[in-house]
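Numbering (our numbering), first residue to last: 216 to 366. To start, the structure itself, in structure tokens.
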């Protein structure tokens, strides 16, 4: 399907109107022009614009920003409310969306790649994302099991 902006649709509408005036109503071209005009009217009245809910937009923005700094997401869990990134030998970074629709970043300093730790803390500070330094005990609270403990 070809997308037209409103100005282009108006030009097409006027062209179809001019064509219809010059043709008898029994002409197939007259009927086709009418069909095109009805399609344009439907498009203008109900463009069916699809928009994501704000929380989904926020999630995509945060995952994209974090991934730009630390690399691709390694694991997704909790109905996509927990995302994890791999570190030295286990997960080191989690983006968590809590029940109040607030984001927070959890950082395991022991697993963090040395060249990315300060960058992610700076990113969180700049974008006002709550971040915490965590250890093994916090993984159990999240229901997140590290790669080394899956067996």
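C-beta: ideal position from N, C-alpha, C; glycine also. Quick caveat, the model's predicted, so the values are computed rather than measured.
Sequence-distant residues of its chain with Cβ nearer than 8 Å to residue i (five each side left out)
{"i": "residue 238", "result": "244, 245, 248"}
Closest by C-alpha distance to residue i, when choosing among the options
{"i": "residue 325", "options": "342, 336, 305", "result": "305"}
{"i": "residue 323", "options": "256, 254, 222, 333", "result": "333"}
{"i": "residue 271", "options": "335, 229, 226, 312", "result": "312"}
{"i": "residue 317", "options": "254, 227, 269", "result": "269"}
{"i": "residue 331", "options": "314, 315, 307", "result": "307"}
{"i": "residue 300", "options": "314, 335, 273, 315", "result": "335"}
Residue i vs residue j beta-carbon contact at 8 Å
{"i": "residue 298", "j": "residue 275", "result": "no"}
{"i": "residue 224", "j": "residue 258", "result": "yes"}
{"i": "residue 302", "j": "residue 328", "result": "yes"}
Cβ neighbours of residue i in the same chain (closer than 6 Å, five flanking residues each side left out)
{"i": "residue 293", "result": "none"}
{"i": "residue 342", "result": "none"}
{"i": "residue 291", "result": "298"}
{"i": "residue 344", "result": "318, 320"}
Straight-line Cα distance separating residue j from residue i
{"i": "residue 295", "j": "residue 221", "result": "38 Å"}
{"i": "residue 252", "j": "residue 240", "result": "15 Å"}
{"i": "residue 346", "j": "residue 280", "result": "15 Å"}
{"i": "residue 287", "j": "residue 339", "result": "17 Å"}
{"i": "residue 310", "j": "residue 282", "result": "11 Å"}
{"i": "residue 256", "j": "residue 228", "result": "9 Å"}
{"i": "residue 230", "j": "residue 242", "result": "16 Å"}
Sequence-distant residues of the same chain with beta carbon closer than 7 Å to residue i, five excluded per side
{"i": "residue 337", "result": "none"}
{"i": "residue 284", "result": "331, 334, 335, 338"}
Item to check | Those runs of the alpha helix (DSSP H) which lie wholly inside the region 299-335 and span at least 4 residues | outcome: none
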